[in-house]
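K.L.:
Dumping the structure here so I can ask a few things about it.
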Amino acid sequence: MSRKASDEVALIGHRGCAGQYAENTIEAIERASPHVDAVEIDVRRCASGELVVFHDAELDRLTEASGRVADADWDELRTLTVPDSGEPIPRLDEVFAVAPDEVDVNVEIKGRNVAVDAVDAANRAANDVLFSSFHPEALATLRDREPSTDRALLVADGGAERAAEAATDLGCVAVHPPIDLATEPGFVEAAREAGLAVNAWTAADREDVEALLAAGVDGIVADRWDLLRDVS
């Protein structure tokens, strides 16, 4: 990754900097990209087969519709907008089309049936892509289909050794823990000993950033791109 935000840590815009822009939208990608090393997006499959960039399994929080994304056709989803923004739900290929070539894209795989088509879309893009997921089977699919993909295991709890072992078994280059886990004594060191980078989620304020910098993480997944500005 380039080091736009800091010489020491990569800044990854969470859902395209969801604290500043309508999350996982084209606008968010376009506006966050000049300020970050990577944009992080969430990808799941809708009922008609397209890969859409949307975090939640349900439509209710982010749109005026209800029901599961997996039960909605693209013809329906393309008419929905994120409230107070007017921004529509994009497909994965649309995000790759607007993300500047020099900005990395962290694609979080939200479903077990997404991996193959996601890597095919990434192969058509100019961006460097890191695939992350809480689903080990999705990462295993990527490992077996295309070993050259960069992969990261998302973890929510557990110790450093357990996370490092699981990520190593999947051939990952990184592990993505939450802030409370990343800042536990010894977590970063254990991951590094296993050859893994540590990208921690999700920084919402300067206090979070300070804690993660002190822990020595490699990347900070943040809701705002300005959180690393003027941090001592």
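Numbered per the numbering used here, the sequence shown finishes at 332, counting up by one with no gaps.
Glycine included, every Cβ here is placed at the ideal spot set by N, Cα and C.
Have a look at H235 and D193 and give me their C-alpha separation to the nearest angstrom.
P.N.:
22 Å
K.L.:
How is I343 classed by DSSP in three states: helix, strand or coil?
P.N.:
With the chain represented from 101 up to 332, any question about residue 343 goes unanswered, as that position is not in the structure.
K.L.:
Where L328 and L177 are concerned, what is the direct C-alpha to C-alpha distance, given to the nearest angstrom?
P.N.:
Cα to Cα, L328 sits roughly 35 Å from L177.
K.L.:
What distance in whole Å lies between the Cβ atoms of A138 and A118, which are believed to be in contact at a cut-off of 8 Å?
P.N.:
Not really, about 14 Å apart at Cβ, beyond 8 Å.
K.L.:
In whole angstroms, give me the CA-to-CA distance for M101 and V205.
P.N.:
No answer about M101 holds up, because its pLDDT of 40 lies below 50 and its placement is not dependable.
K.L.:
At which residues does the beta strand (DSSP E) containing E208 begin and terminate?
P.N.:
Membership of E208 in the beta strand (DSSP E) is indicated by the continuous run D204 to I209.
K.L.:
Which one or two residues does DSSP pair with T181 in a beta bridge?
P.N.:
Looking at the DSSP assignment, T181 forms a beta bridge with P188.
K.L.:
Please state the DSSP three-state secondary structure of F196.
P.N.:
helix
K.L.:
At a threshold of 8 Å, does E108 count as lining the ligand SAM (C-beta to nearest heavy atom)?
P.N.:
By its list of ligands, the structure shown contains no ligand whatsoever, and the ligand SAM lies outside what it can speak to.
K.L.:
Shortest alpha-carbon distance to P188 belongs to which of H114, A221, A225 and A128?
P.N.:
For the options H114, A221, A225 and A128, the alpha carbon positioned closest to that of P188 is the one of A128.
K.L.:
Helix, strand or coil for L254, going by three-state DSSP, please let me know.
P.N.:
strand
K.L.:
Rank G295, A314, A297 and D269 by C-alpha distance to the C-alpha of P285 and give the top, closest one.
P.N.:
A314
K.L.:
Looking at the structure shown, is E127 part of a helix, part of a strand, or coil, going by DSSP?
P.N.:
helix
K.L.:
D323 to D305, Cα distance in whole Å?
P.N.:
About 8 Å.
K.L.:
Alpha carbon to alpha carbon, how far is V195 from L312? Give it in angstroms, no decimals.
P.N.:
28 Å
K.L.:
Kindly identify the DSSP beta-bridge partner or partners of A297.
P.N.:
A274
K.L.:
If contacts are defined as beta-carbon pairs under 8 Å, then V229 and D244 qualify, I think. What distance do you get, rounded to the angstrom?
P.N.:
About 17 Å separates the two Cβ atoms, so there is no contact after all.
K.L.:
If you draw a straight line from the alpha carbon of L239 to that of V207, how long is it in whole angstroms?
P.N.:
12 Å
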